[in-house]
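Q:
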Amino acid sequence: MTEEEVKTRLITPALQQSGWNLTQLAMEKSVKCDYAFTDGAIEFASKRIQRGKPKRCDYLLSSFEGFPLAIIEAKDDSHSLYDGLQQAMDYAKALNTPFAYSSNGESFIEYDFLTGKQRQIAMDSFPSEQELLERYFQGKNITQSQRELIATHYYLEDKSPRYYQANAVNKTLEALTQGQKRILLVMATGTGKTFSAFQIIHRLFKAGKIKKILYLADRNNLIEQTKKNDFKFFGDKATIIKNKNFDSSYTLYFGIYQQFISIDSFGNVQEHFKDFDKNFFDFILVDECHRGSAKEDSAWRQILEYFSSAIQVGMTATPKHDDEASNLDYFGEPLYTYSLKQGIADGFLAPYKVIRYGINIDVMGYRPEDGKRDKAGNLIPDEEYQSSDFNRILYIDERTELVAKKVSDFLKYTLRDRYAKTIVFCQDTYHASVMRQALINENSDLMQENSNYIVRITGDDKVGKSLLEKFISEKEPYPVIATTSKLLTTGADTKMLKVIAIDSNINSLTEFKQIIGRGTRINQRLGKSYFSILDFKNTTRLFADKDFDGEILTELERDIKTKAQMKQTDTFDEESFPEQTPDINTNDTRLKKIEINGVEVAIVHELHQIVNSEGKLISNDFISFSRQNIHTNYQSLESFLNDWNANANKTKLLKKLEEKGILIQELRAMQQFQNLDEFDIILSLAFDQTPLSRSQRAKKANKILAKFTGKAKEVLEVLLEKYATNGIVDIENPDVFKTKPFDFIDVNQVTELFGGVENYIKALNELKTELYNNPAA
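Per UniProt numbering, the very first residue in the sequence shown carries number 1; after that it's consecutive.
Listed below in structure tokens is the structure:
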């Protein structure tokens with residue numbers, strides 16, 4: 001019998017005989033058949049995005065939704081009874097399931113994770129739900145009075161928990177039954193920590209185990225969106241503590257720790273939390289507990305110690321363990337961890353690619369020439385300035401302009417999406433201001449369309465902060481680019497973020513992981529499957545840290561080794577009161593800023609790491625890799641020209657070439673190719689032809705315009721200008737007529753100018769023929 005026949009004829013009837021309900025929607029004793037518990041990793045090959053295969057088990061047996069008891073793997077009758085057991089055990093471990101089974105239709109083989117024992121079971125003797133539950137309760141030493149908590153159902157009005165969320169919740173409740181009162185859960189940013197927190201609190205509350213709950217966070221925007229979204233079940237029983245107003249009539253209290261502890265104008269610490277009785281709260285949830293709460297002298301620790309009788313659960317994406325602070329010391333080792341790497345592998349988190357830029361003065365250092373003065377006319381101290389000094393002590397206009405140009409060009413020419421949500425992380429609030437100005441200069445056309453295209457969102461900018469909700473919205477197109485320092489490193493639910501640019505000295509692995517977490521959310525429906533990291537400060541060196549588990553999908557390294565290690569930056573302890581000082585602002589109170597211009601800056605080197613056909617990272621020369629793939633597909637210049645000329649639709653041809661490993665878009669992002677057409681990139685790269693720039697090709701094609709008159713001629717003139725700026729793909733796309741200066745006319749009106757669609761297509765093809773009439777200079 002085939003596997004499907006074994007399932008339908010033998011295994012399924014055996015389960016039904018034991019009382020298991022095979023209706024997938026059933027809440028009790030349910031069996032999910034062919035159950036996919038992951039989404040399948042997002043795989044990236046050039047510009048193609050596809051999903052890998054999700055992990056599926058043949059049967060998942062649950063007492064209720066989110067509380068699995070057993071996994072069954074089926075095999076056809078040609079397989080041994082034991083052949084599916086290892087797979088069942090692997091899946092059972094992933095789903096935190098106490099029992100695993102394999103069957104080929106003759107009998108079942110069972111592995112019990114609670115006892116470590118294995119046994120064979122007849123087909124007509126499969127355990128019932130009650131039997132498995134009783135064995136689970138006994139194996140975990142869960143008393144009769146504690147079983148009510150374990151049996152309390154999830155809140156499923158909006159969505160069901162993913163497997164790892166259920167793991168976090170179920171393990172927490174198990175630990176509580178064992179008397180554990182301090183619990184640490186580590187879940188990567190974007191995996192639904194808040195949803196999991198709600199389910200823990202909801203089940204405890206419904207079981208009558210807790211009555212007064214405190215949800216502690218470090219920023220107002222965190223608790224406001226949390227109360228409104230995941231915790232809406234509590235309705236008017238929930239309150240956000242404001243103005244130190246502690247009303248004891250609520251069930252759920254949301255608060256930032258500044259409401260519980262503050263410093264008055266004389267520098268005295270005010271412990272407002274003592275307005276509550278120390279036994280007032282039964283449960284405290286500390287969100288993003290990598291900040292503040294772990295320090296021996298921190299405000300949060302004082303709060304937690306005061307309410308020591310309460311159950312305390314800390315949640316973080318970045319467990320912290322160093323000489324200065326440790327949430328591991330306070331909460332203990334994580335009870336459950338779901339990492340960034342696992343989230344990407346499961347397809348719940350977005351993978352990423354990295355571009356590292358090595359700027360000459362960052363790589364080599366900068367020493368001002370004798371007599372060099374700053375913009376205020378003061379002599380610049382004669383020192384060797386390193387990368388860590390830029391935008392901290394020394395502000396160089398040309399460097400800021402170069403970074404702004406690279407970010408803008410990435411949106412324009414690599415992503416070809418100037419509305420891709422982007423965050424530029426800067427050194428401090430002042431740096432965020434000058435970076436915004438430089439970006440505005442690079443994108444003045446879109447600033448004319450909407451003045452909020454580029455904004456600064458920092459703690460001291462009330463206008464920028466007011467735009468935060470619009471920036472993170474999936475529906476609002478503006479703002480598009482946000483410059484910031486510290487404010488957006490945590491708590492901003494940036495589902496549509498496609499680009500993270502880093503121009504800040506970051507030496508903290510915790511902060512780096514939080515920044516990366518801004519981009520990990522997926523929204524394929526709206527075109528967000530992966531994100532890009534543009535690194536101007538060698539910050540992505542932290543990916544190599546043994547404590548960082550993220551896997552780079554594709555990396556285009558644009559740097560060379562620095563002559564010296566980056567100096568550790570002097571840091572102000574912003575963790576103590578981040579809502580009051582959310583950004584490290586070094587304006588004159590700590591360091592005197594030196595602003596200069598007239599410095600020559602440039603990108604000095606490009607090294608690359610790419611993904612091979614097996615999806616593994618390999619170090620390679622990116623140009624050599626692409627050249628090799630061109631030669632594999634075209635044995636000669638003539639064969640390439642024949643193929644190019646035979647395909648009227650160049651966009652489709654380029655897509656086929658990308659699918660064959662000729663990564664045209666990544667090549668276009670390289671400095672030496674940015675002004676070239678894809679056609680010329682291939683000519684120069686693989687066939688040693690002298691390339692023409694797009695502007696040169698457009699100029700040579702101008703003679704075609706003599707064949708046309710009036711508005712039709714004007715249309716072709718503008719298309720040539722578009723080609724010179726953006727390339728062939730733009731002018732082949734009908735959406736070009738939605739952009740300026742065509743935005744006043746639709747494509748149907750354009751084709752009428754040429755006497756119909758066929759005549760317009762003929763004219764466009766003639767234009768393209770003329771563009772490529774001269775293969776090379």
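Each residue gets a CB set at the ideal place from its N, CA and C atoms; glycine is no exception. This structure is a prediction, so every number in the text was calculated from the model and none was measured.
Here's a check: name, in chain order, each residue in its chain whose Cβ is nearer than 7 Å to the Cβ of I603, leaving out the five neighbours to either side.
A: Here the set comprises Y357, G358, I359, R558, Q671.
Q: In the DSSP assignment, the alpha helix (DSSP H) including L720 goes from what residue to what residue?
A: 710-726 is the span of the alpha helix (DSSP H), which, as asked, contains L720.
Q: Counting only runs that start and end within the segment 86-169, where is the alpha helix (DSSP H) found for 4 or more residues in a row?
A: Taking only runs of at least 4 residues, the alpha helix (DSSP H) segments lying wholly in the segment 86-169 are 129-139, 147-150.
Q: Pull up the distance between the alpha-carbon of T725 and that of V718, whole angstroms please.
A: Whole-angstrom Cα-Cα distance: 11 Å.
Q: If we count Cβ pairs, one from each stretch, closer than 8 Å, do we get three or more for the segment 214-234 versus the segment 251-258?
A: The answer is yes - the segment 251-258 touches the segment 214-234, with three or more Cβ pairs under 8 Å.
Q: Let's test the definition: count the other Cβ atoms within 10 Å of the Cβ of S619 and tell me whether it reaches 16, buried, or not, exposed.
A: Note on S619: pLDDT 44, under 50, position unreliable in the model; no value is reported.
Q: In chain order, which continuous runs of the alpha helix (DSSP H) of length 4 or greater are located wholly inside the segment 319-363?
A: Entirely contained in the segment 319-363, the alpha helix (DSSP H) runs reaching 4 residues are, in chain order, 327-331, 340-346.
Q: Which of helix, strand or coil does DSSP assign to N221?
A: In this structure, N221 counts as helix in the three-state DSSP scheme.
Q: Counting along the chain, where does the alpha helix (DSSP H) carrying V434 start and finish?
A: Taken as a continuous stretch (DSSP letters only), the alpha helix (DSSP H) holding V434 covers 429-442.
Q: What is the residue span of the beta strand (DSSP E) that Y760 lies within?
A: Not the beta strand (DSSP E): Y760 falls in the alpha helix (DSSP H), residues 757-771.
Q: I'd like to check one pair, G347 with I42: are the Cβ atoms closer than 8 Å?
A: Result yes, Cβ atoms of I42 and G347 sit closer than 8 Å.
Q: Quick one: Cα of K528 to Cα of Y723, how far?
A: The straight-line gap from Cα to Cα measures roughly 27 Å.
Q: In angstroms, rounded to a whole number, what distance separates the CA positions of D230 and M315?
A: Roughly 15 Å between the two C-alpha positions.
Q: From the DSSP output, in three-state form, read off A602 for me.
A: A602 falls in the coil class under three-state DSSP.
Q: On a Cα-Cα basis, can you pick out the residue from E174, G190, G517 that is closest to I183?
A: Here the closest residue by C-alpha is E174.
Q: So the alpha helix (DSSP H) V403 belongs to, where does it begin and stop?
A: Start and end: 397-409.
Q: Evaluate Q16 with the Cβ neighbour count: other Cβ atoms within 10 Å of its Cβ, from every protein chain shown; 16 or more gives buried, anything less gives exposed.
A: Under this definition Q16 is an exposed residue.
Q: Compute the Euclidean distance between the alpha carbons of E555 and K353, then round it to the nearest angstrom.
A: Low confidence applies to E555: its pLDDT is 39, below 50, so where it sits in the model is not reliable, and the reading given next is rough at best. Taking the straight line joining both Cα atoms gives about 5 Å.
Q: Starting from L497, trace the alpha helix (DSSP H) both ways and give me its first and last residue.
A: Note, L497: premise wrong, no alpha helix (DSSP H); beta strand (DSSP E) at 497-502.
Q: Does the segment 329-349 come close enough to the segment 471-479 that 3 or more CB-CB pairs lie under 8 Å?
A: No contact exists between the segment 471-479 and the segment 329-349.
Q: Within the continuous alpha helix (DSSP H) that includes V750, where are the two ends?
A: Taken as a continuous stretch (DSSP letters only), the alpha helix (DSSP H) holding V750 covers 747-753.
Q: Using the Cα positions of N733 and R392, report the straight-line distance between them to the nearest angstrom.
A: Approximately 44 Å between the Cα atoms of the pair.
Q: So for T539, helix, strand or coil by DSSP?
A: The answer is helix: DSSP assigns T539 an H, G or I state.
Q: Taking the runs of the alpha helix (DSSP H) that are 4 residues or longer, which of them lie wholly in the segment 661-693?
A: DSSP runs (the alpha helix (DSSP H)) wholly in the segment 661-693: 664-668, 678-687.
Q: Taking the C-alpha atoms as reference points, what is the distance between V269 and I150?
A: Taking the straight line joining both Cα atoms gives about 42 Å.
Q: Which residue from I522, N443, V407, L415 puts its Cα closest to that of I502?
A: Comparing Cα-Cα distances from I502 to each of I522, N443, V407, L415, the minimum goes to V407.
Q: Taking only beta-carbon positions, decide if P479 is within less than 8 Å of chain B.
A: No chain B is present in this structure, which holds just one protein chain.
Q: Going by the DSSP bridge assignment, what does L415 pair with across the sheet?
A: In the DSSP output, where bridge partners are listed per residue, L415 has none listed.
Q: Using only alpha-carbon positions, find the residue among I71, L753, K228, G267 that is nearest to C33.
A: It is I71.
Q: Could you have a look at S388 and say whether DSSP puts it in helix, strand or coil?
A: S388 falls in the helix class under three-state DSSP.
Q: How about Y366 and Y385: do their beta carbons lie closer than 8 Å?
A: Contact flag set, yes.
Q: Tell me the residue span of the alpha helix (DSSP H) that contains D643.
A: 637-646 is the span of the alpha helix (DSSP H), which, as asked, contains D643.
Q: Report back the beta-carbon spacing between I630 and I662 to the nearest angstrom; my notes put them in contact at under 8 Å.
A: Sure, about 6 Å apart at Cβ, within 8 Å.
Q: What do you get for Q138, buried or exposed, if any count of 16 or more other CB atoms within 10 angstroms of its CB means buried?
A: Classification of Q138: exposed, given that the 10 Å Cβ count is below 16.
Q: Which residues does DSSP list as the beta-bridge partners of Y253?
A: The partner list for Y253 (beta bridge, DSSP) reads L214, T239.
Q: Can you name the start and end residues of the alpha helix (DSSP H) that I200 belongs to?
A: Its alpha helix (DSSP H) spans residues 193-206.
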